[in-house]
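In this text, residue positions in the sequence shown follow my numbering: the first is 9, and each later residue adds one. Glycine is no exception: its CB is placed at the ideal position from the N, C-alpha and C atoms. These figures come from a predicted structure and were not determined experimentally. The structure appears below as structure tokens.
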Amino acid sequence: MSDNTPRHNAFPQIDHDHGICVETALARAEKLCRERGARLTETRRHVLELIWRSHEPVGAYTLLESLSRTKRRAAAPTVYRALDFLMTQGLIHRIESLKAYVGCDYPGEIAHGSFLLCTSCGQALELMDDHLDAAVEEGALSVGFSVAERTVELAGLCPRCRLASGEAGKETAPGVATRAEETLEKTPAPSTAQTPSRLLVEADEVVVGFAGNKVLDGVSLAVREGEIVTLIGPNGAGKTTLVRVILGLQQPSRGSVFRAPGLRLGYMPQRLDLDRTLPLPVAYFLTLGGAASRDAIARVLGEVGAPQLLDRPMAGLSGGELRRVLLARALLRDPDLLVLDEPAQGVDVVGQADLYRLISRVRIRHGCGVLMVSHDLHVVMSATDRVLCLNNHVCCSGHPEAVSRHPEYLALFGPQVAGDMAVYTHHHDHSHDMHGDVLPPQPENNTGDAPPHDHG
Numbered sequence: 009m010s011d012n013t014p015r016h017n018a019f020p021q022i023d024h025d026h027g028i029c030v031e032t033a034l035a036r037a038e039k040l041c042r043e044r045g046a047r048l049t050e051t052r053r054h055v056l057e058l059i060w061r062s063h064e065p066v067g068a069y070t071l072l073e074s075l076s077r078t079k080r081r082a083a084a085p086t087v088y089r090a091l092d093f094l095m096t097q098g099l100i101h102r103i104e105s106l107k108a109y110v111g112c113d114y115p116g117e118i119a120h121g122s123f124l125l126c127t128s129c130g131q132a133l134e135l136m137d138d139h140l141d142a143a144v145e146e147g148a149l150s151v152g153f154s155v156a157e158r159t160v161e162l163a164g165l166c167p168r169c170r171l172a173s174g175e176a177g178k179e180t181a182p183g184v185a186t187r188a189e190e191t192l193e194k195t196p197a198p199s200t201a202q203t204p205s206r207l208l209v210e211a212d213e214v215v216v217g218f219a220g221n222k223v224l225d226g227v228s229l230a231v232r233e234g235e236i237v238t239l240i241g242p243n244g245a246g247k248t249t250l251v252r253v254i255l256g257l258q259q260p261s262r263g264s265v266f267r268a269p270g271l272r273l274g275y276m277p278q279r280l281d282l283d284r285t286l287p288l289p290v291a292y293f294l295t296l297g298g299a300a301s302r303d304a305i306a307r308v309l310g311e312v313g314a315p316q317l318l319d320r321p322m323a324g325l326s327g328g329e330l331r332r333v334l335l336a337r338a339l340l341r342d343p344d345l346l347v348l349d350e351p352a353q354g355v356d357v358v359g360q361a362d363l364y365r366l367i368s369r370v371r372i373r374h375g376c377g378v379l380m381v382s383h384d385l386h387v388v389m390s391a392t393d394r395v396l397c398l399n400n401h402v403c404c405s406g407h408p409e410a411v412s413r414h415p416e417y418l419a420l421f422g423p424q425v426a427g428d429m430a431v432y433t434h435h436h437d438h439s440h441d442m443h444g445d446v447l448p449p450q451p452e453n454n455t456g457d458a459p460p461h462d463h464g
């Protein structure tokens, strides 16, 4: 870059025309690929277009769903291959904390982008600042550290969401530098899922039995601040019992459970049975677990994307609306640990992806730990840090990619069912190391397809 002035686009306004962004991004991509002799195939172009249709980071699963509507034989390898190409060419960025993708505002430039992430509306803004780059490099060099990769992601509220939330403060200056300073002042601690953090809860060698049958046999589990951990397993595997142990509702016959002092818990049940003839408004329902002001209820409903439900009757809510209300109820306690039992129960496939992305944003905004029970590994794998596969004992645990290839996981669900559950983990075109992390992509051949490889 020619000078040290931070460069940025503004957060989009309500009447923002996404079509202009899409057209500009595609034109830049075509020019750049033409100059480099790289092939911007129809599929790659389509994936780039889908990413640029919104300024909100988009996950691979959502891209696959969108691509499948127009490309009959779209598959996970197709999406990952396109994403690898677009990232290699500097046309998109991966938001590590959300495991999602955004378009690059400055394609073709060798520079590190930093990102401002709105935890309310989900939009992302790229900020390029030589001063910030230099400060990071100098700080690392001062302790003898060589930086190989750098990710700067600041979580907070965009100007429009700050205004909507009624957040007090001075008037925002026109420069992003000022907005970034305000974001840093007002934002809770960012996600710490990538680094060791405060231990919230830990079950150690827990044993629970009923009528002589062991439901849990030597099960251990830990959840830290800022971490999302997902429990999977067949019916009767002990998932609900383990959650009850974590919540303190069930005492183990052996083993121990540690809970951080003063730990605040938020719980979202798998189902809620209400008398549909009962005229129970959402606002009143949210006060049943404890006193809460109308303003606090409106704020938390806004956070989960359901402000319009404030005075709606509970009996008239759709499946997706009910899940958001239950999540709002859990958040009213400002929990350190969210425990979510099948959070996407009764929600359609597209709604599931949206809900899990919302949970990721909640984790970032509140800095809380999240323990989920889910059967939707094919969806949650893009939104979880660790998976624990349970069948009365711990069959396997670790990164979702690693778990989905584990022999005990395959034996538990069967290759076909396991493949259906983990749609992004089988028959794909990239390799993973022993931790489940993606290895650098191999060069493409002249057909635009990745060369064959042996996952074994």
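Check                                                                                                                                                                : Outcome
Let's test the definition: count the other Cβ atoms within 10 Å of the Cβ of Ser-301 and tell me whether it reaches 16, buried, or not, exposed.                     : exposed
Enumerated in chain order, which unbroken segments of the beta strand (DSSP E) with a length of 3 residues or greater are wholly contained in the region 295 to 356? : 345 to 349
Which residues in the same chain have their Cβ closer than 8 Å to the Cβ of Gly-27, if we skip the five residues on either side of it in sequence?                   : none
Just confirm the distance between the C-beta atoms of Val-214 and Val-265, as a whole number of angstroms; I'd bet it's less than 8 Å.                               : 7 Å
Does the separation of the CB atoms of Leu-171 and Met-380 fall below 8 Å?                                                                                           : no
With distances taken from CA atoms, which of Gly-377, Pro-351, Ala-163 is nearest Arg-279?                                                                           : Pro-351
Assign His-440 to one of three DSSP states: helix, strand, or coil.                                                                                                  : Unreliable placement is indicated for His-440, whose pLDDT of 35 sits below 50; the coordinate value is still reported in the next sentence. In this structure, His-440 counts as strand in the three-state DSSP scheme.
Check for me: the beta strand (DSSP E) holding Glu-161 runs from which residue to which?                                                                             : 160 to 164
Compute the minimum distance between the beta carbon of Gly-244 and the heavy atoms of the ligand FAD, and state whether it is under 7 Å.                            : Ligands in the displayed structure: none, and consequently the ligand FAD is not present.
Count the other CB atoms within 10 Å of the CB of Pro-269; is the residue buried (16 or more) or exposed (fewer)?                                                    : exposed
Secondary structure at Leu-239, three-state DSSP: helix, strand or coil?                                                                                             : strand
Considering only residues of the same chain and omitting the five flanking positions on each side of Gly-6, which have a CB-CB separation below 6 Å?                 : Past the boundaries of the shown model lies residue 6; the chain is included only from 9 to 464, so the question cannot be answered.
My understanding is that Leu-345 touches Val-231, with C-beta atoms under 8 Å, so please give their C-beta distance in whole angstroms.                              : 6 Å
Can you find the residues in the same chain that come closer than 6 Å, C-beta to C-beta, to Leu-288, ignoring five residues on each side of it along the sequence?   : Met-322
Distance check for Gly-327 and Pro-115, CA to CA, integer angstroms please.                                                                                          : 41 Å
For Pro-167, which of helix, strand or coil comes out of DSSP?                                                                                                       : helix
Rounded to the nearest angstrom, what separates Gln-131 and Gln-259 at their Cα positions?                                                                           : 43 Å
State the DSSP-derived secondary structure class of Arg-187, mapped to helix, strand or coil.                                                                        : Caution applies to Arg-187, whose pLDDT of 39 falls short of 50 and renders its modelled position unreliable; the model cannot decide the point.
Please report the residue range of the beta strand (DSSP E) in which Arg-232 lies.                                                                                   : 221 to 232
So, Gln-97 versus Cys-41, is the Cβ gap smaller than 8 Å?                                                                                                            : yes
Assign Leu-325 to buried or exposed, taking buried as 16 or more other Cβ atoms, counted over all protein chains shown, within 10 Å of its Cβ.                       : buried
I'd like to check one pair, Arg-369 with Thr-127: are the Cβ atoms closer than 8 Å?                                                                                  : yes
Alpha carbon to alpha carbon, what distance is there between Pro-277 and Met-219?                                                                                    : Just to set this straight, residue 219 is Ala in the shown sequence, not Met. Cα-Cα distance, rounded: 26 Å.
Can you tell me where the alpha helix (DSSP H) holding Tyr-88 begins and where it ends?                                                                              : 84 to 96
Just to check my reading of the structure: Gly-7 and Val-223 have Cβ atoms closer than 8 Å, yes? What is that Cβ distance to the nearest angstrom?                   : Nothing in the structure corresponds to residue 7, since the chain is present only between 9 and 464.
Where in the region 104 to 153 do unbroken runs of the beta strand (DSSP E), each at least 3 residues long, occur, reported from the N-terminal end onward?          : 108 to 111, 122 to 126, 132 to 136
Under 8 Å, do His-374 and Val-227 count as touching if we go by C-beta distance?                                                                                     : no
Would you mind giving the Cβ-Cβ distance between Cys-112 and Leu-99, rounded to the nearest angstrom? I have them listed as a contact below 8 Å.                     : 6 Å
Let me know if Ala-430 comes out buried or exposed under the rule of 16 or more other beta-carbons within 10 Å of its beta-carbon.                                   : Note on Ala-430: pLDDT 42, under 50, position unreliable in the model; no value is reported.
Measure from the alpha carbon of Gly-225 to the alpha carbon of each residue in Val-251, Gly-256, Ser-261, then state which is nearest.                              : The sequence given here has Asp at residue 225, not Gly. Of the candidates Val-251, Gly-256, Ser-261, the one whose C-alpha sits nearest the C-alpha of Asp-225 is Ser-261.
Can you tell me where the alpha helix (DSSP H) with Leu-48 in it begins and where it stops?                                                                          : No alpha helix (DSSP H) holds Leu-48; DSSP gives it neither H nor E.
Please state the DSSP three-state secondary structure of Thr-433.                                                                                                    : Per-residue confidence for Thr-433 stands at a pLDDT of 35, beneath the threshold of 50, marking its modelled position as unreliable; no derived number is given.
Out of Thr-86, His-139, Glu-233, Ala-33, which one is the CA nearest neighbour of Val-347?                                                                           : Glu-233
What whole-angstrom Cβ distance do Arg-465 and Arg-272 have, given they're in contact under 8 Å?                                                                     : A question about residue 465 goes unanswered here, because the residues of the chain that appear run from 9 up to 464.
Alpha carbon to alpha carbon, what distance is there between Val-308 and Arg-168?                                                                                    : 17 Å
Return helix, strand or coil for Ser-405, following the three-state DSSP convention.                                                                                 : strand
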